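Chemist:
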Amino acid sequence: MFQNVPDQFHEDSSQCSYKTREVLHLLEKAATFDGVMDKNWMTTPYPKDIPLNYKEETKPSVNPENTSVLLFPGQGIIKVGMIKKYMDYPAAKELFEITNEIINYNLLKLCLNGPQKELNRTEFNQAATVVSSLVALEKIRAEAPKVFETCVATAGYSVGEITALILSGIITFEDGIRLAWSRGKAMQYASDMVPQGMLSVFGTSKAQISKACIEAENWIRDMGIENPTCRTAIFLCTERKIIAGNIEALEYIEKHKAQFGLTNTSRLPVSGAFHTPLMEPALKPVSKILNSIEINEPRCIVYSNYKAVPYTNLRYVKKYILKQIVSPVRWEQCLQHIYNRPDGIPFPQTYDIGSNGRMKTILKLVNSKASRSCIVI
Numbered sequence: 235m236f237q238n239v240p241d242q243f244h245e246d247s248s249q250c251s252y253k254t255r256e257v258l259h260l261l262e263k264a265a266t267f268d269g270v271m272d273k274n275w276m277t278t279p280y281p282k283d284i285p286l287n288y289k290e291e292t293k294p295s296v297n298p299e300n301t302s303v304l305l306f307p308g309q310g311i312i313k314v315g316m317i318k319k320y321m322d323y324p325a326a327k328e329l330f331e332i333t334n335e336i337i338n339y340n341l342l343k344l345c346l347n348g349p350q351k352e353l354n355r356t357e358f359n360q361a362a363t364v365v366s367s368l369v370a371l372e373k374i375r376a377e378a379p380k381v382f383e384t385c386v387a388t389a390g391y392s393v394g395e396i397t398a399l400i401l402s403g404i405i406t407f408e409d410g411i412r413l414a415w416s417r418g419k420a421m422q423y424a425s426d427m428v429p430q431g432m433l434s435v436f437g438t439s440k441a442q443i444s445k446a447c448i449e450a451e452n453w454i455r456d457m458g459i460e461n462p463t464c465r466t467a468i469f470l471c472t473e474r475k476i477i478a479g480n481i482e483a484l485e486y487i488e489k490h491k492a493q494f495g496l497t498n499t500s501r502l503p504v505s506g507a508f509h510t511p512l513m514e515p516a517l518k519p520v521s522k523i524l525n526s527i528e529i530n531e532p533r534c535i536v537y538s539n540y541k542a543v544p545y546t547n548l549r550y551v552k553k554y555i556l557k558q559i560v561s562p563v564r565w566e567q568c569l570q571h572i573y574n575r576p577d578g579i580p581f582p583q584t585y586d587i588g589s590n591g592r593m594k595t596i597l598k599l600v601n602s603k604a605s606r607s608c609i610v611i
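Sequential numbering of the sequence shown, starting at 235, is according to my numbering.
Here it is in structure tokens:
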């Protein structure tokens, strides 16, 4: 699966830098609910493109238990010192050194020593999340290298999709770090334009999240705020969604959560309303970076956050990565697409890479049986 190396990695001193070859070396070893149930809340139990009739399906020729799926986290997971447990594995420090050289900033020092307030900033956190996840892969390379050979699919949450694209070989490590760094800076710029944020909301299937967002937008519009924004930004599971928008809109929902059927709310430690139109100022600089990136044939399936289906046509990779910035992340639907299967068909071995168990927890909420085969790295 990981034996076919994209052509641009092969040695040609005129086109391939020493650092690029070094990265190669490291990675190679390496459900209608109007009036009662909210459409934005009660997400369909199956992605649109997945077959619902399994009767004619046959048992796969390859035992899924002998395959692996790798899941990568998004922004807001990494804490100061969290990567220390991976730094003794071969090449971990070198990956950070290469990253530091690419972005001209000592990201390793920030990850190890903080301060956390600085690490939480989007401009640093996104690149830190990507490289930290790849460093966590060093543990697998050292202790279970066969995982790379048996990997059939990978998915990354939000900025973690860049990590998944790197793992699959669709983009190079260097390009992935450049993309994450530029994306983080651009989204930080958009975040600083107006006070905004993200809010995790919990409730039953009868919770009225769309109504809550509409009323919040109307409320802040009456306050004189132009172009008010409040909408679902991330679909996590049936009981939990993340909404994003102007701070004043989030405050309105926090204050009136009971009337919308929300049982609990919690602010996310991020400074932006990611995956909403408030991120539109970030599109131009990210598009510029994407235009300079070469797209390669994948070594395994990669899932798109924007569409919640695998990339089957590589010409859509750049388009969907850009769309993801201002559109909802359909993580719940991605997991459904990966793990829904007929009774009796076993699940693949899943690896939660570098999230301290957060990805496994979300998987358990979406598919508890699949989570039993998930190992936290």
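Glycine included, C-beta positions come from ideal geometry on N, C-alpha and C. Model, not experiment: these values are computed from the prediction.
Tell me which residue opens and which closes the beta strand (DSSP E) that cysteine 471 is part of.
Modeler: From DSSP, the beta strand (DSSP E) with cysteine 471 extends over 464-471.
Chemist: Counting only the same chain and skipping the five closest in sequence on each side, list residues whose C-beta sits under 7 Å from that of tyrosine 573.
Modeler: So the qualifying residues of the chain are Phe581, Asn601, Ala604.
Chemist: Please list, in chain order, all residues of the same chain as isoleucine 559 whose beta carbon is under 6 Å from its beta carbon, the five residues on each side excluded.
Modeler: The answer, listed in chain order, is Met513, Ala516.
Chemist: Grouping DSSP H, G and I as helix and E and B as strand, with all else coil, what is arginine 549?
Modeler: In this structure, arginine 549 counts as helix in the three-state DSSP scheme.
Chemist: Let's see if you can read the secondary structure: which residues bound the alpha helix (DSSP H) around alanine 387?
Modeler: Unbroken run through alanine 387 is the beta strand (DSSP E), 385-390; no alpha helix (DSSP H).
Chemist: Which parts of the segment 324-402 are runs of the alpha helix (DSSP H), unbroken and 4 residues or longer, counting only runs that do not cross its ends?
Modeler: Runs of the alpha helix (DSSP H) inside the segment 324-402: 326-337, 341-347, 350-353, 356-377, 380-384, 394-402.
Chemist: Would you check if there are 3 or more beta carbon pairs closer than 8 Å linking the segment 540-553 to the segment 493-500?
Modeler: As far as the Cβ criterion goes, the segment 540-553 does not touch the segment 493-500, which means the pair count is below three.
Chemist: Look at the Cβ atom of isoleucine 587, then the Cβ atom of phenylalanine 306, and state whether they are nearer than 9 Å.
Modeler: Their beta carbons are under 9 Å apart, which means isoleucine 587 touches phenylalanine 306 by this criterion.
Chemist: Would phenylalanine 508 and arginine 474 qualify as a contact pair, given that the criterion is a beta-carbon distance under 9 Å?
Modeler: No. Outside cutoff.
Chemist: Taking 7 Å as the limit between beta carbons, can you name the residues of its chain near leucine 304, skipping five residues before and five after?
Modeler: Excluding sequence neighbours, leucine 304 sits near Cys385, Thr388, Leu401, Tyr585, Ile587.
Chemist: For glycine 418, I'd like the list of residues in its chain whose CB is within less than 6 Å of its CB, leaving aside the five on either flank, ordered along the chain.
Modeler: Counting only Cβ-Cβ distances below 6 Å, and skipping sequence neighbours, we find Thr356, Glu357, Gln360, Ala361.
Chemist: Can the beta-carbon of tyrosine 486 be found less than 9 Å from the beta-carbon of alanine 450?
Modeler: A contact, by the Cβ cut-off of 9 Å.
Chemist: For lysine 541, I'd like the list of residues in its chain whose CB is within less than 7 Å of its CB, leaving aside the five on either flank, ordered along the chain.
Modeler: Only Tyr554 meet the Cβ criterion.
Chemist: Going straight from the alpha carbon of leucine 342 to that of serine 367, what length do you get?
Modeler: Using only the alpha carbons, I get a separation of about 13 Å.
Chemist: Which complete beta strand (DSSP E) runs does the segment 514-585 hold, if anything under 3 residues is left out?
Modeler: Correct list: empty.
Chemist: Just reading off the beta strand (DSSP E) that glutamine 309 is part of, what are its end residues?
Modeler: Looking at the DSSP string, glutamine 309 is not in any beta strand (DSSP E), and its letter there is neither H nor E.
Chemist: Taking isoleucine 476 as the reference, which of Pro562, Lys552, Val393, Phe407 has the closest Cα?
Modeler: It is Pro562 whose Cα lies nearest to the Cα of isoleucine 476.
Chemist: Would you tell me roughly how many angstroms separate the C-alpha atoms of proline 462 and leucine 433, rounded to the nearest one?
Modeler: Computed Cα separation, rounded: 16 Å.
Chemist: For the segment 369-377 against the segment 321-337, do three or more pairs of beta-carbon atoms, one drawn from each stretch, fall closer than 8 Å, so that the two count as touching?
Modeler: Yes: the two stretches touch, three or more of their Cβ pairs being nearer than 8 Å.
Chemist: By how many angstroms is the C-alpha of isoleucine 411 removed from the C-alpha of asparagine 340?
Modeler: Asparagine 340 and isoleucine 411: Cα-Cα distance of roughly 13 Å.
Chemist: For isoleucine 468, which option in Met457, Thr510, Gly458 has the closest C-alpha, if you only look at C-alpha atoms?
Modeler: Minimum Cα distance to isoleucine 468 is reached at Thr510.
Chemist: To which residues of the same chain is serine 521 closer than 7 Å at the C-beta, ignoring the five residues directly before and after it?
Modeler: Leu556, listed in sequence order.
Chemist: To the nearest angstrom, how far is the alpha carbon of proline 527 from that of lysine 313?
Modeler: Before going on, a small fix: residue 527 reads as isoleucine here, not proline. Distance between the alpha carbons of isoleucine 527 and lysine 313: 30 Å.
Chemist: Do glycine 431 and glycine 308 have their beta-carbon atoms positioned less than 9 Å apart in this structure?
Modeler: Cβ distance not < 9 Å, so glycine 308 and glycine 431 don't count as in contact.
Chemist: Which residues mark the beginning and the end of the alpha helix (DSSP H) in which serine 607 is found?
Modeler: No alpha helix (DSSP H) contains serine 607, which DSSP labels as neither H nor E.
Chemist: Would you give the residue range spanned by the alpha helix (DSSP H) that lysine 594 belongs to?
Modeler: Lysine 594 -> alpha helix (DSSP H) spans 592-600.
Chemist: Please look up how many angstroms separate the CB atoms of asparagine 480 and isoleucine 448, rounded, as I've assumed it's under 8 Å.
Modeler: 14 Å between Cβ atoms; not a contact.
Chemist: For alanine 420 and isoleucine 396, which I take to be in contact (beta-carbon distance under 8 Å), what is that distance rounded to the nearest angstrom?
Modeler: Not quite, the Cβ-Cβ distance comes to about 13 Å (not below 8 Å), so this is no contact.
Chemist: The beta strand (DSSP E) that contains leucine 433, what's its start and end?
Modeler: Start and end: 430-437.
Chemist: Using CA atoms only, rank isn't needed, just tell me which of Val536, Asn539, Thr438 is closest to glutamine 493.
Modeler: Of the candidates Val536, Asn539, Thr438, the one whose C-alpha sits nearest the C-alpha of glutamine 493 is Thr438.
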